[in-house]
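These protein sequence lines map, in sequence, to chains A and B.
What the first sequence shows, in this note's numbering, is residues 70 to 410, in sequence order.
What the second sequence shows, in this note's numbering, is residues 3 to 293, in sequence order.
Beta carbons: idealized from backbone N, C-alpha and C, even for Gly.
Structure record follows, encoded as structure tokens.
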Amino acid sequence: MQYLFYAIGFLCLIYAGWFMEWLLGKERKGKWFVPGVLVVALAMLATFPLYAKGYTPILMSTIIMYVILSISWTIFSGPTGYMSLATAAFFGVGVYTAAFIGKSVPLPVFIIAGGVISSIVALLVGALTLRLRGIYFAMFTFGLILLISNLLLFYELHVFGTRGRFVVVMDYNTIYYAMFVLFVVLLAVAYLIKSSKYGLALQSIGQYEEAAAHMGINVTMVKVAIFAVSAFFAGTMGATIATRWTYVDPIIAFNPLFSFLPVLMAIFGGMRKLYGPIIGAVIFAYLQETLITRFSELYMLIFGVVLVAAILYMPDGLVGLILKLINKWRKGGSKAQHADT
Amino acid sequence: MDLVTTLLDIVIGGLLIGGIYALIAMGLSLQYGVARVLNISHGEFIMIGGFITYVLYTSFGISPLVSLVIVGPIIFIVGFLLHRTMFRKLLNSSPNINVFEGNSLLATFGLLYMIQNIAIVIWGSSSRAYTYLNTPVDLVGAIFSANRLVTLGFAIAIGVAFYLFLARTRMGKAIRAASQDITTAGLMGVNINNVLALCFGLGIFLAGIAGVLWSMCFSVYATMGLEKTIIAIVIVTVGGLGSIPGAFIGGILLGIVGEVVKYFEPSLYLAAYYLIFIILLMIRPKGIMGK
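Here is the structure:
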């Protein structure tokens, strides 16, 4: 029964991404994509805690968290090809925002505050570093995690005399609904960006940055703005999930894994389509939840192997692989028809 | 007098550790400068080198100096094969060099997690150390153990050997050509696949050697690698990509800065390295000795 609920939840999440991709397509063909189905899927997700009791909503909120992290990573890094490893930094900033002000303000306020502070950090970092190309940008953003966590640790130890702090605790259903609302908002934002001129601008930056600049795109502005949007969602996720952790310290909050997991999920699922990262996140978050408590080393080992294998053998991710197979099958089918006639 | 001794302690301590840092950075510089792979799992090979030395010394009584000769070739072969299989496939399937750099960076992240967790499974997550050549030596007033001096000596010797190899031999010339332009070097008759794999292997070889030297002075543990990789990246940025004197200057500079910061506030030394990294990327992205 529990697995049925998981399956329903997963399908609804993936369908939501699928629908957005359909909405972005020019022809909008196919009868599957009736807006009514989306309403049903979202309604099912919205009422999830009512019929799925126990651990199921908790696992689902973790999965939605990873879905949001990997989509928000893909918004910026997918089209531009700038590999940002700062997700964990923005996530950690969100966690610490919740830890600092969570006790004095209501939930929505500190979640949004976490997002806003993260995007301010992203604006600063982006303005400084987005002129760096390729690998240096990746290293810079990665170093950011270590810098912030080291400085925070220093601050905690010397100003407060403790290593970490307690966070206000929220009800699991509240967390689930917060995640769900943010998921819907993120899908809407991702759709707006992809269908607007900014989406095109991002793509042309990824293909040929000089040419994009010569076409009159304000390259730096677009990059920094979208980077900040992507950081906003990572920050809100940090602030939300922190209420489930009860206790945080800088090392827990700024775990570099939160930078790599979204990247792996997006690459494994496929970055070309909006539902790719969702599929990747669903698979990996589920694997993580079931494996990490019992075989933590084994999980990390699998993580490494899959990362290498996905890069070597699935450059377009699972979605790309499936689409390729479908195309092949269709071509094969049409050839067979020709042979008949 | 007290101040002078402390100062000497700090500066000489930085110098001694700078040698190992320079070796690590030279390895990374070869991998990224020529083979275009920014190897994030670089530090893991330091850890592997250190652990193999530890096992050989404590279980079989083989001196760490002999381990240099054992560990080096093994790790070189591993690196060579890694490039011949994995990175060559990536290089062939990537449309341009930027895509290759991004993909290979992620692939080495995967390698990092693989190697690190295999090490945790085998050796556990506690730190190990042995004592070797632990006799105190007086260096103009500052007391250090002899093994630290030995490591600096080896680091300098290997650095000089590498410099001569790159500057004087035919293979060195091919490597320098490939570092400037892979395609053109290939057209001029350089066997590119071999040269790239060789550079990758040599880079990892240097990490392994640095690991042997590291284990002589400090403890080794399964998760030590990433920090060393980051230090190496900062040094390569400071010293300039592909420059061996730059690697030594950067290594010693970082060693001294690290010791100074550790003296005042041990928890902030990584932040200090990162600050140097930021400032350099802003002011002079090609590094002190970069062309």
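Runs of alpha helix (DSSP H) wholly within the region 72 to 138 of chain A (minimum 4 residues, chain order):
The qualifying runs are 104 to 115 and 117 to 120.
Closer than 6 Å by C-beta to residue 207/B: which residues in its own chain qualify, once you throw out the five before and the five after it? Chain order, please.
74, 77 and 78.
Grab the span of the alpha helix (DSSP H) containing residue 147/B for me, first residue to last.
Counting along the chain, residue 147/B falls outside any alpha helix (DSSP H), though it belongs to the beta strand (DSSP E) covering 144 to 147.
Quick check on residue 39/B: does DSSP put it in helix, strand or coil?
Three-state DSSP puts residue 39/B in coil, outside helix and strand.
Write down the C-beta distance between residue 412/A and residue 187/A rounded to the nearest angstrom, noting that I regard them as a contact closer than 8 Å.
Absent from the structure is residue 412/A, since the part of chain A shown begins at 70 and ends at 410.
Closer than 7 Å between beta carbons: that is the criterion. Which residues of the region 363 to 378 of chain A meet it against chain B?
Those residues of the region 363 to 378 of chain A placed with their C-beta closer than 7 Å to a C-beta in chain B are 366, 369, 370, 372, 373, 374, 376 and 377, ordered along the chain.
Contact between the region 225 to 233 of chain A and the region 307 to 323 of chain A: three or more CB pairs below 8 Å?
The region 225 to 233 of chain A makes contact with the region 307 to 323 of chain A: 3 or more CB pairs, one atom from each, lie closer than 8 Å.
Quick one, are the C-beta atoms of residue 228/B and residue 240/B less than 8 Å apart?
Against a cut-off of 8 Å, the Cβ pair of residue 240/B and residue 228/B comes out as no contact.
Can you pull out the residues from the region 168 to 202 of chain B whose beta carbon lies closer than 8 Å to at least one beta carbon of chain A?
Result list empty, no residue passes.
For residue 235/A, list the residues DSSP reports as bridge partners.
The partner list for residue 235/A (beta bridge, DSSP) reads 316/A.
Between which residues of its own chain and residue 107/B is the CB-CB distance below 7 Å, once the five residues before and five after are set aside?
So the qualifying residues of the chain are 40 and 42.
Could you please tell me which residues of the region 296 to 319 of chain A, in chain order, have their CB closer than 7 Å to any CB of chain B?
Here the close residues number zero.
Is it right to say residue 259/A is buried, meaning 16 or more other beta carbons lie within 10 angstroms of its own, or is it exposed?
With a threshold of 16 other beta carbon atoms within 10 Å, residue 259/A meets it and is buried.
Is the distance from the Cβ of residue 333/A to the Cβ of residue 89/A below 8 Å?
Between residue 333/A and residue 89/A, the gap from beta carbon to beta carbon reaches 8 Å or more.
From residue 8/B to residue 119/B, what does the alpha carbon distance come to, in whole angstroms?
So the alpha carbons of these two residues sit roughly 39 Å apart.
When you compare the CB positions of residue 133/B and residue 215/B, do they come within less than 8 Å of one another, or not?
No, these two residues do not count as a Cβ contact at 8 Å.
Check this for me: beta carbons of residue 111/A and residue 78/A, under 8 Å apart or not?
Taking 8 Å as the Cβ cut-off, residue 111/A and residue 78/A do not qualify as a contacting pair.
Under 8 Å, do residue 214/A and residue 155/A count as touching if we go by C-beta distance?
Contact flag set, yes.
Proximal residues of chain A, C-beta to C-beta of residue 104/B below 8 Å:
Result: 150, 152, 203, 204 and 207.
Residues, ordered as in the chain, of the region 384 to 397 of chain A that lie near chain B by beta-carbon distance below 7 Å
Residues 384.
DSSP three-state assignment for residue 278/B, whether helix, strand or coil
In this structure, residue 278/B counts as helix in the three-state DSSP scheme.
Euclidean distance between Cα positions of residue 409/A and residue 390/A
Residue placement at residue 409/A is poorly supported in this model, since its pLDDT is 46, which falls under 50; the coordinates are not used for a value here.
Are the region 113 to 128 of chain B and the region 362 to 371 of chain A touching by the rule of at least three beta carbon pairs closer than 8 Å?
When C-beta atoms of the region 113 to 128 of chain B are compared with those of the region 362 to 371 of chain A, three or more pairs fall below 8 Å, so the two segments count as touching.
If you drop the 5 nearest sequence neighbours on each side, which residues of the same chain put their C-beta closer than 6 Å to that of residue 58/B?
Correct list, in chain order: 64 and 69.
Would you say residue 212/A reaches chain B, if we count a Cβ-Cβ gap shorter than 8 Å as a contact?
Answer yes: the Cβ-Cβ gap between residue 212/A and chain B drops below 8 Å somewhere.
Other residues of its chain near residue 32/B: CB distance less than 6 Å, five sequence neighbours each side excluded
Cβ within range, chain order: 201, 204 and 205.
In the structure shown, what three-state DSSP assignment does residue 138/B receive?
Strand, per DSSP.
7 Å CB neighbourhood of residue 60/B in its chain, flanking five on each side removed
The residues are 132.
Classify residue 130/B as helix, strand or coil using the three-state DSSP reduction.
The answer is strand: DSSP assigns residue 130/B an E or B state.
In chain order, which continuous runs of the alpha helix (DSSP H) of length 4 or greater are located wholly inside the region 28 to 88 of chain B?
Listed in chain order, they are 44 to 62 and 66 to 84.
For residue 395/A, is the classification buried or exposed, using 16 other Cβ atoms within 10 angstroms of its Cβ as the cut-off for buried?
Classified as exposed, residue 395/A has fewer than 16 neighbouring CB atoms from the shown chains inside 10 Å of its CB.
Residue 226/A versus chain B: which residues are under 9 Å apart at the beta carbon?
Within chain B, the residues near residue 226/A are 269.
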